[in-house]
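Residue numbers (the numbering used here): 19 to 875.
Ideal Cβ placement from N, Cα and C applies to all residues, glycine included.
Note that this is a predicted model, so its numbers are computed, not measured.
Only one structure is covered here, and it is reproduced in the block below.
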């Protein structure tokens, strides 16, 4: 080690306070970069694992593939894995206790690795004679078998008894009109009890059952589906899939959610939006990180120019002085960069470890949060920190190497006092006193340090507000993009006897295992609207037919309790809603989904009091011509509507039960009982128990048909996704908030610590302790005012850019994160005050003479 390096190390040891401050700044910066990158990567990993657990680990699927073409797909060189599936069909479930699901729906699979199948007991099938059965068949279907038992099943098809050649598929609910036509018998051994959410949702009248499929079982002339994943994960998946599909005579389908969380989408506009928003926030964070390192090093290095001048006075060359500074940066980097990485990653890992048990217990989130470290992000954090550290050291070193030893020792270039530069307004002394004027002159006297501190504060404000705005806009976008199912189960009820149907509905509303229940009665009708009756949103998306706009009308009656709650939520006057004539509430605004674009639209130009004419098609081929008065117009979604709609032509009007009874009487619905669709929506803690209870209630009514759709798994998954998104977004804001706070405290305390000799000199001239405290407080006030004056306008510009970028796909009103703005306004002054108070207490504990003598602060 040469003499210059030895002197550098000795200088760092003698000036421990400055060295610690510099190292702390670099550690904070590296921790911020590492933690931010790890949060992004861990979020994508979490969403991928959650999607795979529900849909399976496949990227593309090919439907209706002939058995002779299966290997054309499976043997494609671009594929990593493939799974061939075949629908064996329905089998009669022995002694089923659920009248709405009397079957097993058996599908055969060659590879279960790509499927979302969770084994509760046993092992997955390996051939066509083995069977894995859904746990629901045991809980709600009453199956008495166990793993290892053999059973012989009657396999066949479901046919309509009244309509010739009409065969029901897997998605068709059970009807009393159907008959089961046996096509053969097959013996199976039960090897597993499973949960298979995606497969279960495809079997409306039966329980999911999975069997194996060997190569010899793939027969030419039969239809198969092939799911695949690829060796190369990029946008070429779409071109490769299309080519494979053409060769096999099929059409590709894609696991869009999984591809999106892998960073792949065929919607270039949507991907551009994501890239632009991420890039903007990334730039802000990287600038903030660079500012942290630069400020920590530059403020400390400005105090070292005297040492550099002394080295020059004993013969050190420009190159030696520059290398001395770069060597110091290297030493700091060797210590701070690894510590920053460890602290950043350890902090995120600890947070995930603490949060995961809470999520799994409170919200039944299946996939645990876990830290994911990608080598590229790790290398990027190290390289970026090293480059900024090098740049932060290089610029001051270059400047120091150009000055003479005398100037370096005197520091005349850092402190150039001219009267016009430190001139203050006469109002400053009159309003705040001599101490405030002295504090302001102190800031202006060392302008470089002052501007460096203000810049650091501004960066902290911009970083936090940008992160808060991104979180706000991402939440708004997610709410628009997510269409959460508002119920765990919906039961449709129909029958020839309207009175019996109503009694069955009333009994269902009293189900003991239901958390909440809402009944709906829906009458579908036709609208013929003119140009002046529709909005521009409809006119731009839907064409006229025969001189008018043909749209559908859904008159939906809520039960009395739900109707009153809806009126209250929509902030409507209940006294003005119902009258002697049929009246209803027009839901005229909702989110329309068009591919990856989400836009809030209105449908009609109608206002309260408008009479809307409609036609109801009757079973005899005639039409009932009626009308309904719009009592109110709202954008409050009723409980039966999803957060977004994909059909722009359906109009919804909410009515009371009394209004629906009046309309039913007018159209003589008792003689046409299938005109009105009856349903009950449930939420439940135990969906399986509720489904069993609903089946028992339905069995009491002969001639009444009930159709159960159990969406508990889908709803749980959507809630789980929403929770995960919120955790990562708020975690991101909290991380940036902590980093920003640490930056403010570090910057202020650094400046104060390096001014100890200046403070000691002021005390020798007779400034009182109270006057000194007032001076320092005013300095902090001026720092905060200056930082806010620059920080807020810059933040608003960045926020608006974020809004415009995200607004390319998600249409919502421009909003500011006012809570975060208020928190920043209070937090900046509070943190500056805390840092100043801490530094002042340290200054008061020092001896004035010793401080003046000591040049190594």
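Based on the DSSP output, what are the partners of residue i in its beta bridges?
i: residue 611; result: 616
i: residue 569; result: 545
i: residue 242; result: 83
i: residue 905; result: Look at the range of the chain in this structure, 19 to 875, and you will see that residue 905 is not part of it.
i: residue 830; result: According to DSSP, residue 830 bridges with nothing at all.
i: residue 123; result: 108 and 226
i: residue 186; result: 176
i: residue 725; result: 510
i: residue 136; result: 213
Short of 6 Å in beta carbon distance, which residues of its chain neighbour residue i, apart from the five on each side in sequence? Order them along the chain.
i: residue 381; result: For residue 381, the predicted model reports a pLDDT of 49, less than 50, meaning its position is unreliable and no value from the coordinates is stated.
i: residue 710; result: 158
i: residue 214; result: 135 and 226
i: residue 707; result: 531
i: residue 272; result: 78
Using only alpha-carbon positions, find the residue among the options that is nearest to residue i.
i: residue 191; options: 225, 182 and 200; result: 225
i: residue 532; options: 543, 712, 364 and 617; result: 712
i: residue 350; options: 524, 36 and 309; result: 36
i: residue 556; options: 668, 543, 541 and 540; result: 668
i: residue 97; options: 31, 202 and 258; result: 258
i: residue 368; options: 238, 390 and 650; result: 390
i: residue 846; options: 762, 521, 572 and 157; result: 762
i: residue 90; options: 50, 33, 397 and 267; result: 267
i: residue 724; options: 526, 157 and 620; result: 526
i: residue 164; options: 69, 210, 117 and 121; result: 210
i: residue 149; options: 181, 174, 187 and 204; result: 204
i: residue 133; options: 58, 647, 245 and 844; result: 245
i: residue 171; options: 472, 813, 832 and 122; result: 122
i: residue 744; options: 495, 842 and 858; result: 495
i: residue 514; options: 829, 617, 722 and 54; result: 722
i: residue 558; options: 156, 536 and 621; result: 621
i: residue 120; options: 188, 835 and 87; result: 188
i: residue 628; options: 611, 604, 341 and 635; result: 604
i: residue 357; options: 143, 249 and 45; result: 45
i: residue 38; options: 564, 841 and 767; result: 767
i: residue 644; options: 635, 652 and 651; result: 635
i: residue 84; options: 658, 99, 240 and 140; result: 240
i: residue 104; options: 62, 75, 232 and 54; result: 232
Could you have a look at residue i and say whether DSSP puts it in helix, strand or coil?
i: residue 110; result: strand
i: residue 231; result: coil
i: residue 176; result: strand
i: residue 700; result: strand
i: residue 686; result: coil
i: residue 387; result: coil
i: residue 199; result: strand
i: residue 633; result: strand
i: residue 848; result: helix
i: residue 622; result: strand
i: residue 404; result: helix
i: residue 210; result: strand
i: residue 837; result: helix
i: residue 642; result: strand
Any beta carbon from chain B within less than 8 Å of residue i's own beta carbon?
i: residue 713; result: As a matter of chain content, chain B is missing from the structure shown, which is built from one protein chain.
Using a Cβ-Cβ cutoff of less than 8 Å, which residues in the same chain neighbour residue i once the five nearest sequence positions on both sides are dropped?
i: residue 338; result: 22 and 329
i: residue 675; result: 539, 575, 576, 577, 578 and 581
i: residue 359; result: 48, 49, 52, 396, 399 and 400
i: residue 811; result: none
With respect to 7 Å, is the separation between the Cβ of residue i and the closest non-hydrogen atom of the ligand MG below this value?
i: residue 692; result: You won't find the ligand MG in this model; it holds no ligand whatsoever.
Who are the Cβ neighbours of residue i in its own chain at under 7 Å, not counting the five residues just before and after it?
i: residue 41; result: 350, 353 and 354
i: residue 138; result: 153, 211, 212 and 213
i: residue 758; result: 478, 481 and 482
i: residue 717; result: 117
i: residue 263; result: 80, 269 and 270
i: residue 361; result: 45 and 49
| said: Quick check for students: name the residue ranges of the beta strand (DSSP E) that lie wholly in the stretch 500-540, counting only runs of 3 or more. | reply: 507-513
| At which residue ranges does the stretch 646-684 contain complete alpha helix (DSSP H) runs of 4 or more residues, listed in the order of the chain? | Segments of the alpha helix (DSSP H) lying fully in the stretch 646-684: 675-684.
| Minimum length 4: unbroken alpha helix (DSSP H) runs contained in the stretch 778-828 | 787-824
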